[in-house]
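Everything on this sheet refers to the single structure shown next.
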Amino acid sequence: MLSHSNMKILLFTVFVILYYVSPGISNNDLKTINNTSEKFLEQNIMIGSETGRKSITIGVLYEIRNDIDKSALIGFRTALFQSKLIDNLSIQFNSFSVHFCLYNVSRYSKKLLFQNILNDKCQSLIFLTHTKNCDQLIDFSQQKKIPLIFANFIEKNDAGAGEYIFRICMNALKHAQILAQFVHMNYSGKSVIILEQDEHWNFSGMLKEELLKYDIPAQSIFADELQTSFTELSSNILIIPEYDHNFLPALNQLSACSVIFCDIHALNYQKQYKEFLESNFVSKKNYNNICFMTYWDKELREKSDQNFIDLYFSYTDLYKAVKKYQISNDAALAYDATKILLTILNSTNENVTPLIIKDRFINLKKYNACQGVTGNIDFDFYGERNYTQMTFVRVTTQEMIPKRFEYTKMKNVELDI
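In my numbering, the protein residues as written are 190 to 606.
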């Protein structure tokens, strides 16, 4: 029997003979090897070299520009800490483990970032923060067929995003559920008209489904139809997902119509906010017809400083409230996106591949299955994020009165995947 040292000598001799005798590897051979490797990565999971466990690697992309970005990391970490951790960035499921690689995209050139993602053999990517410059990242994920999950919305046409790009839209669903219940309890006998805005990722469709549960009819109109729909609008409720000063001239013509603004934080630009307050729409005859749906009420004031209409809280107060909302909102979105991804990974005993991750997302039935994943989370450092309470602020004569609307907590719904 060969000793250990003799075995080493024999193996080295065989290697040398093969090295000089073999004809070498052609470009076609290299191409075949590369194609085979890519197919292997797509069809099989990685095998942890040290532990021998089956494992997959998920790339987590983030930016650190301000406190809002930092809060997204807190949401991600919170979701991880609620799972069965092996270490700070690894989770053990029943049949395999998941390891997360963190990438601060502000520190990398695009070329180096993509190379590191490939070197680490990431099988899925999750982007925790909002960015405008993600076209190259989207193209990269499509070319390499790596699912790319955005925890927040991005400024890119959805039609061009591609089949491997996913967005978490649970906020829109929760808004729709709460808003439908509010309309049911406060506007009985009226119909609803929803201003259609493409960037809200089918918010109007979700809201219509939720309103139908209360037998409330609803239809959609576009901004350019506001001018021609005054008669129809006068006896109904107009719901505006997000304020846009471009349709303010049309709003100025409305009088009897009740209006609910769902997204008051969109008014955080001082020029637009001041323009809105000074418009004909916000006049004494319309105070009782305006209602805001928002997350916060601590910063609301009955009267503001003298630079603004005295029936509204000041812009400074609004800005502080908006910033607090955005910070906790980004944390919640990152938490939700991570939690859904972990739920998807834990939903199968098969080999977890990019194709399986993609299929699980596609089967999320218009995002309705996502409700209840988050529930109530308390981010101590950044304030409370509570999905079961909303503040509806109704404007009355001479003051803005916060009115707490208690939303009936829904039973958690498991992901149907």
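Note that CB positions come from ideal geometry on N, CA and C, so glycine has one too.
When you compare only the Cα positions, how much space is there between residue i and residue j?
i: Asn441; j: Asn435; result: 12 Å
i: Lys285; j: Thr246; result: A quick correction: the sequence has Phe, not Lys, at residue 285. Cα to Cα, the separation comes out at about 11 Å.
i: Ile410; j: Asn375; result: 22 Å
i: Arg549; j: Lys379; result: 39 Å
i: Lys310; j: Ile335; result: 10 Å
i: Ser244; j: Ala340; result: 23 Å
i: Ile338; j: Thr527; result: 9 Å
i: Ile275; j: Pro543; result: 23 Å
i: Asp258; j: Arg296; result: 14 Å
i: Phe581; j: Leu401; result: Summary for Phe581: the model assigns pLDDT 46, below 50, so the residue's position carries little reliability; its value from the coordinates is reported in the next sentence. Each residue's Cα considered, the two are about 21 Å apart.
i: Asn277; j: Met395; result: 37 Å
i: Leu302; j: Arg266; result: 22 Å
i: Phe289; j: Glu398; result: 37 Å
i: Ile449; j: Ser468; result: 16 Å
i: Cys446; j: Ile426; result: 6 Å
Are the CB atoms of residue i and residue j nearer to each other than 9 Å?
i: Phe371; j: Asn535; result: no
i: Leu384; j: Ala412; result: yes
i: Gln331; j: Ile546; result: no
i: Ala261; j: Asp519; result: yes
i: Ile428; j: Ile382; result: yes
i: Leu522; j: Gly248; result: no
i: Leu326; j: Lys299; result: yes
i: Lys333; j: Leu317; result: no
Reducing DSSP to helix, strand and coil, say where residue i ends up.
i: Lys243; result: strand
i: Phe339; result: strand
i: Ile429; result: strand
i: Ile253; result: coil
i: Phe289; result: strand
i: Leu317; result: coil
i: Phe450; result: strand
i: Gly264; result: helix
i: Ser409; result: strand
i: Ser468; result: coil
Which first and last residues belong to the beta strand (DSSP E) in which residue i is found?
i: Ile275; result: Leu274 to Asp276
i: Ser393; result: From DSSP, Ser393 is part of no beta strand (DSSP E) but of the alpha helix (DSSP H) over Phe392 to Leu401.
i: Ile382; result: Val381 to Leu384
i: Ile280; result: Ser279 to Gln281
Should residue i go down as buried or exposed, given a rule of 16 or more other Cβ atoms within 10 Å for buried?
i: Gln366; result: buried
i: Glu252; result: buried
i: Ala439; result: buried
i: Lys273; result: exposed
i: Leu291; result: exposed
i: Asp404; result: exposed
Please list the terminal residues of the continuous alpha helix (DSSP H) segment that includes residue i.
i: Ile306; result: Lys299 to Asn308
i: Asp328; result: Asp324 to Lys333
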